[in-house]
Amino acid sequence: MLEVSDLRIGYGQVEVVHGVSFNVRKGECVALIGPNGAGKSTILKTVCGLMSPLGGSIMFGGRSTAGEPGHRIAGLGISMCPEGRQVFSEMTVMENLQLGAYTRRRSSIKDDLDEMMTLFPRLRERAGQDAGTLSGGEQEMVAIARALMARPKLCIFDEPSLGIAPRVVDEIEQTLLAIKARGVTILLVEQSVSMALRVADRGYVIEAGLIVLEGSSAELAGNKNVQNAYLGF
Amino acid sequence: MLIDFIQQIFNGLVVGSIYTLIALGLTTIFGIFGIAHFAHGSVAMFGGYLTYFLISALGIGLLPSFILAMAAGALLGIVLERVAYYPVRNAPPINSFIIALGLTLIIEKLNLLAFGVDQVIIPTPLVNVINVGGVTMPELRIYVLAIAAILVIGMTLLIQRTWIGMAVRAVAQNRAAAVLMGINVNSVSMFVFALSSALGVAAGVLVGALFAVAPGVSSGLVIKGFAVLILGGLGSIPGAIVGGMLLGVSEAFAAAFVSSAYKDVISFLLMILVLLVRPEGLMRRSSR
Ligand SMILES: Nc1ncnc2c1ncn2[C@@H]1O[C@H](COP(=O)(O)OP(=O)(O)OP(=O)(O)O)[C@@H](O)[C@H]1O
Ligand SMILES: [Mg+2]
Numbered sequence: 074m075l076e077v078s079d080l081r082i083g084y085g086q087v088e089v090v091h092g093v094s095f096n097v098r099k100g101e102c103v104a105l106i107g108p109n110g111a112g113k114s115t116i117l118k119t120v121c122g123l124m125s126p127l128g129g130s131i132m133f134g135g136r137s138t139a140g141e142p143g144h145r146i147a148g149l150g151i152s153m154c155p156e157g158r159q160v161f162s163e164m165t166v167m168e169n170l171q172l173g174a175y176t177r178r179r180s181s182i183k184d185d186l187d188e189m190m191t192l193f194p195r196l197r198e199r200a201g202q203d204a205g206t207l208s209g210g211e212q213e214m215v216a217i218a219r220a221l222m223a224r225p226k227l228c229i230f231d232e233p234s235l236g237i238a239p240r241v242v243d244e245i246e247q248t249l250l251a252i253k254a255r256g257v258t259i260l261l262v263e264q265s266v267s268m269a270l271r272v273a274d275r276g277y278v279i280e281a282g283l284i285v286l287e288g289s290s291a292e293l294a295g296n297k298n299v300q301n302a303y304l305g306f
Numbered sequence: 014m015l016i017d018f019i020q021q022i023f024n025g026l027v028v029g030s031i032y033t034l035i036a037l038g039l040t041t042i043f044g045i046f047g048i049a050h051f052a053h054g055s056v057a058m059f060g061g062y063l064t065y066f067l068i069s070a071l072g073i074g075l076l077p078s079f080i081l082a083m084a085a086g087a088l089l090g091i092v093l094e095r096v097a098y099y100p101v102r103n104a105p106p107i108n109s110f111i112i113a114l115g116l117t118l119i120i121e122k123l124n125l126l127a128f129g130v131d132q133v134i135i136p137t138p139l140v141n142v143i144n145v146g147g148v149t150m151p152e153l154r155i156y157v158l159a160i161a162a163i164l165v166i167g168m169t170l171l172i173q174r175t176w177i178g179m180a181v182r183a184v185a186q187n188r189a190a191a192v193l194m195g196i197n198v199n200s201v202s203m204f205v206f207a208l209s210s211a212l213g214v215a216a217g218v219l220v221g222a223l224f225a226v227a228p229g230v231s232s233g234l235v236i237k238g239f240a241v242l243i244l245g246g247l248g249s250i251p252g253a254i255v256g257g258m259l260l261g262v263s264e265a266f267a268a269a270f271v272s273s274a275y276k277d278v279i280s281f282l283l284m285i286l287v288l289l290v291r292p293e294g295l296m297r298r299s300s301r
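Protein chains in written order, with this note's numbering: chain A, 74 to 306; chain B, 14 to 301.
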């Protein structure tokens with residue numbers, strides 16, 4: 074479904090991703106893990122069209138999307154739940170969810186809204202409240218629900234547990250598993266590597282803009298280097 | 014005394030509604046681009062002149078001329094966005110600031126070239142004066158207030174209740190997230206300039222019918238527009254409405270009860286006062 078090859082990305086003159094290749098197949102959940110500053114968010118932003126790559130290719134559903142504008146990529150069925158949530162803080166929770174379905178604005182989204190409110194009962198209580206007034210965990214739920222409102226073919230999550238209370242992190246893990254169980258294809262970046270490997274089927278380890286290791290979640294969880302660097306054994 | 018009081022409120026609301034029309038465009042453009050679109054007053058005057066020209070030279074009726082001028086204003090807005098502001102959208106703010114200043118001069122001079130230096134008054138058949146319990150309400154002023162109210166309410170509904178309006182607010186609040194939603198920021202930018210310029214033209218036509226269209230009027234309009242923005246809060250639509258009315262009414266009171274020579278002084282004192290008490294403007298959340 075998503076095929077990234079030899080992707081190189083930079084900010085200004087500085088290249089930070091030096092030829093990265095990975096793929097995500099339909100129905101899979103794939104994790105990208107690695108230390109701070111490895112280039113994970115940069116890769117995700119480029120897949121979503123918020124940045125243009127310096128080189129390499131991105132194919133989504135058999136079509137090249139590298140360098141396409143972000144709104145067009147969203148229209149092709151890629152949703153992103155960005156790092157730091159990025160909710161529309163002066164709009165209500167309900168409006169945030171509606172905007173998630175912007176690419177489907179010509180069809181009825183009432184059922185989808187209802188479904189999200191069932192998935193996140195707390196959002197139903199807060200539907201009329203400005204998203205900026207919610208707690209971090211609640212805002213993360215808004216961002217996740219907003220991404221799902223597009224009925225994406227591929228849903229990307231960038232550090233959904235960042236800066237969130239441990240109890241709520243469990244909740245987010247359950248939510249990711251529930252989303253996966255619905256058959257949504259997922260690309261996940263997560264600082265909590267143990268959580269990422271519990272949710273994902275496969276993973277890639279990225280360090281300093283290069284993929285240094287790849288394998289199934291079980292293989293990665295059993296790898297000595299991964300255990301030392303990320304799992305705190 | 015009470016009659017005088019009501020009379021001045023009426024007068025103030027009429028002028029204030031025009032300030033609001035100007036400020037709505039300025040505030041929406043500021044919200045999306047972060048630019049001070051100084052040329053907005055000249056765009057308004059362009060609309061006033063064009064309406065006068067359509068009526069007097071081509072013999073087109075008042076209402077069709079008004080609507081044609083607003084449509085022309087929308088087109089002009091799109092051209093300004095594409096030609097002037099779009100190329101510097103990623104450059105430091107000083108670039109768009111300088112472009113806004115240059116644009117003001119260019120449109121001002123184009124108005125002079127196209128329509129001459131004379132001041133003109135847009136002719137209307139509205140000459141009756143209604144008297145309600147001692148309050149004098151010229152028919153023309155009632156129409157001005159009504160037209161402005163319809164446009165302001167229409168614009169507010171558009172921004173609050175429609176997909177395109179939601180897209181406009183989304184881009185103003187978080188551009189990257191808006192792109193992720195599938196919103197085409199380019200289309201939204203053009204839409205905002207078209208809508209704002211059409212409203213600016215409407216303000217210019219109302220000014221032209223009520224007072225006059227003249228080369229010097231544009232700078233006055235744009236200064237009042239920015240005063241309203243500062244009063245109400247930058248980027249806030251409710252702020253533009255409340256601020257516009259407040260400025261109009263306080264000017265009317267100042268002119269009637271103090272001296273018309275001091276009306277601008279008093280309205281700017283009001284602005285300073287609001288800034289001292291609420292630096293973020295009347296209708297802006299203090300969290301930002
Ligand atoms: N806007 C920017 N301008 C310049 N350099 C940037 C910018 N954003 C990120 N970088 C640099 O690019 C590199 C990769 O950053 P990126 O945000 O992709 O890392 P990450 O893997 O997502 O890290 P984290 O786990 O901290 O989110 C870092 O060295 C960072 O300093
Ligand atoms: Mg990151």
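For every residue, glycine included, the Cβ atom is placed at its ideal position computed from N, Cα and C. Given the structure is predicted, the values throughout are model-derived calculations rather than measurements.
Item	Value
State the Cα-Cα distance for the pair residue 69/B and residue 266/B, rounded to the nearest angstrom.	35 angstroms
Once DSSP output is grouped into helix, strand and coil, what is the label at residue 22/B?	helix
Residue 186/B versus chain A: which residues are under 8 angstroms apart at the beta carbon?	161, 162, 163, 164
Go to residue 147/B, then tell me how far its beta strand (DSSP E) extends in each direction, as first and last residue.	Segment: none, residue 147/B is in no beta strand (DSSP E) and carries neither H nor E.
Can you name, in chain order, every residue of its own chain whose Cβ lies under 6 angstroms from the Cβ of residue 219/B, other than the five neighbours on each side?	31, 157
Once the 5 residues before and after residue 162/A are set aside, which same chain residues still bring their CB inside 7 angstroms of it?	203, 204, 205
In chain B, what lies closer than 9 angstroms to residue 155/A by C-beta?	189, 190, 193
Would residue 179/B pass as an interface residue toward chain A - the criterion being a Cβ-Cβ separation below 8 angstroms?	yes
Within 8 angstroms, do at least three Cβ pairs link the region 228-235 of chain B to the region 117-130 of chain B?	yes
Provide the residue span of the beta strand (DSSP E) that contains residue 210/B, from first to last.	Per DSSP, residue 210/B belongs to no beta strand (DSSP E); it is in the alpha helix (DSSP H), 198-223.
With H, G and I counted as helix, E and B as strand and the rest as coil, what does DSSP make of residue 197/A?	helix
With residue 104/A as the anchor, note down where its beta strand (DSSP E) starts and where it stops.	102-106
For residue 138/A, which of helix, strand or coil comes out of DSSP?	coil
Counting only Cβ pairs nearer than 7 angstroms, list the residues of chain A close to residue 183/B.	161, 172
Using the beta carbon as the reference atom, which residues fall closer than 7 angstroms to any heavy atom of ligand 2, ordered along the chain?	113/A, 114/A, 156/A, 231/A, 232/A, 262/A
Give every residue of the same chain whose Cβ lies closer than 8 angstroms to the Cβ of residue 101/B, excluding the five residues on either side of it in the sequence, and list them in chain order.	108, 109, 112
If you measure from the beta carbon of residue 254/B to each beta carbon in chain A, is any gap under 8 angstroms?	no
Check whether the Cβ atoms of residue 89/A and residue 112/A sit closer than 8 angstroms, and answer yes or no.	yes
Which residue wins for smallest C-alpha separation from residue 118/B, given the options 56/B, 83/B, 237/B, 99/B?	56/B
Relative to the alpha-carbon of residue 17/B, which residue among 248/B, 145/B, 98/B, 163/B has its alpha-carbon at the smallest distance?	145/B
Name the chain A residues whose beta carbon is nearer than 7 angstroms to that of residue 196/B?	144, 175
Where does residue 96/A sit, in a helix, a strand or coil, going by DSSP?	strand
For chain B, find out if any of its Cβ atoms is closer than 8 angstroms to the Cβ of residue 147/A; answer yes or no.	yes
Could you tell me whether the Cβ of residue 102/A comes closer than 8 angstroms to any Cβ of chain B?	no
Helix or strand or just coil, what does DSSP make of residue 178/B?	helix
Could you give the first and the last residue of the continuous alpha helix (DSSP H) run that contains residue 177/A?	Segment: none, residue 177/A is in no alpha helix (DSSP H) and carries neither H nor E.
Using DSSP with H/G/I as helix, E/B as strand and the rest coil, what is residue 172/B?	helix
So the beta strand (DSSP E) residue 69/B belongs to, where does it begin and stop?	Here residue 69/B belongs to no beta strand (DSSP E); instead the alpha helix (DSSP H) covers 53-69.
Quick one: is the Cβ of residue 62/B within less than 7 angstroms of any heavy atom of ligand 1?	no
Can you tell me whether residue 102/B is helix, strand or coil according to DSSP?	coil
Is the region 190-209 of chain B in contact with the region 253-272 of chain B, if contact means three or more CB pairs nearer than 8 angstroms?	no
Taking 7 angstroms as the cut-off, does the CB of residue 120/A come closer than this to any heavy atom belonging to ligand 1?	no
For a test of your reading of the model: does the CB of residue 307/A fall under 7 angstroms from any non-hydrogen atom of ligand 1? Yes or no.	In the structure as shown, chain A starts at 74 and stops at 306, and residue 307/A therefore has no counterpart that could be examined.
Can you pull out the residues from the region 116-128 of chain A whose beta carbon lies closer than 9 angstroms to at least one beta carbon of chain B?	118, 121, 122, 123
Give me the Cα-Cα distance between residue 78/B and residue 190/B, rounded to the nearest whole angstrom.	40 angstroms
Is residue 168/A close to chain B? Criterion is C-beta to C-beta, closer than 8 angstroms.	yes
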